[in-house]
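Student:
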Amino acid sequence: MNWVLLVIAGLLEVGWAIGLKYTHGFTRLWPSVWTAVAIVVSMVLLGVAMRSLPAGTAYAVWTGIGTVGTVILGIALLGEPATPARVACIVLILVGIVGLKVLSPQ
Numbered sequence: 318m319n320w321v322l323l324v325i326a327g328l329l330e331v332g333w334a335i336g337l338k339y340t341h342g343f344t345r346l347w348p349s350v351w352t353a354v355a356i357v358v359s360m361v362l363l364g365v366a367m368r369s370l371p372a373g374t375a376y377a378v379w380t381g382i383g384t385v386g387t388v389i390l391g392i393a394l395l396g397e398p399a400t401p402a403r404v405a406c407i408v409l410i411l412v413g414i415v416g417l418k419v420l421s422p423q
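At position 59 of the sequence shown (counting the first as 1) the number is 376 in the numbering used here, and the numbers step up by one without a gap.
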């Protein structure tokens, strides 16, 4: 169950990272509100997951999900480049996330 919470926390990290772009420096009310809510819920779920998961593993997986998801949405929504080198880096991060999950004692 803690892995599920961790994945949800990572997905919310993607939401707030992309949400930051839409807040326009926290000058737009509703994007700012949703971004702030996503930040808080993401952190709470990360904290709950860390009760039983190793801290380093949980944090690395959380940030990895956030990084990969944010890059993918940046490409899909914001027109950021999808160069072969960027895609290769995303794949490396995904391999690291899976490796940490497989090698985790929990």
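Even for Gly, the Cβ is constructed at its ideal location relative to N, Cα and C.
For R403, which three-state DSSP category applies?
Tutor: helix
Student: Distance check for V404 and G386, CA to CA, integer angstroms please.
Tutor: 12 Å
Student: Please state whether DSSP places T344 in a helix, a strand or coil.
Tutor: coil
Student: Could you check whether G381 and G413 sit closer than 9 Å to each other, using their CB atoms as the reference points?
Tutor: yes
Student: Let me check understanding here. Comparing Cα to Cα, which of M360, I389, W333 lies closest to W351?
Tutor: For the set M360, I389, W333, the Cα lying nearest the Cα of W351 is the one of W333.
Student: Evaluate contact between the segment 392-410 and the segment 353-361, counting only Cβ atoms and requiring at least three cross-stretch pairs below 8 Å.
Tutor: no
Student: How is L360 classed by DSSP in three states: helix, strand or coil?
Tutor: According to the sequence shown, residue 360 is Met rather than Leu. The answer is helix: DSSP assigns M360 an H, G or I state.
Student: Buried or exposed, going by whether 16 or more other CB atoms sit within 10 Å of the CB of W379?
Tutor: buried
Student: Identify the continuous alpha helix (DSSP H) that holds L390 and give its terminal residues.
Tutor: 372-395
Student: Cα-Cα, which of L329, V321, I335, V324 is closest to I392?
Tutor: The shortest C-alpha separation from I392 is found at I335.
Student: For V388, which of K338, P371, G373, A353 has the nearest alpha-carbon?
Tutor: K338
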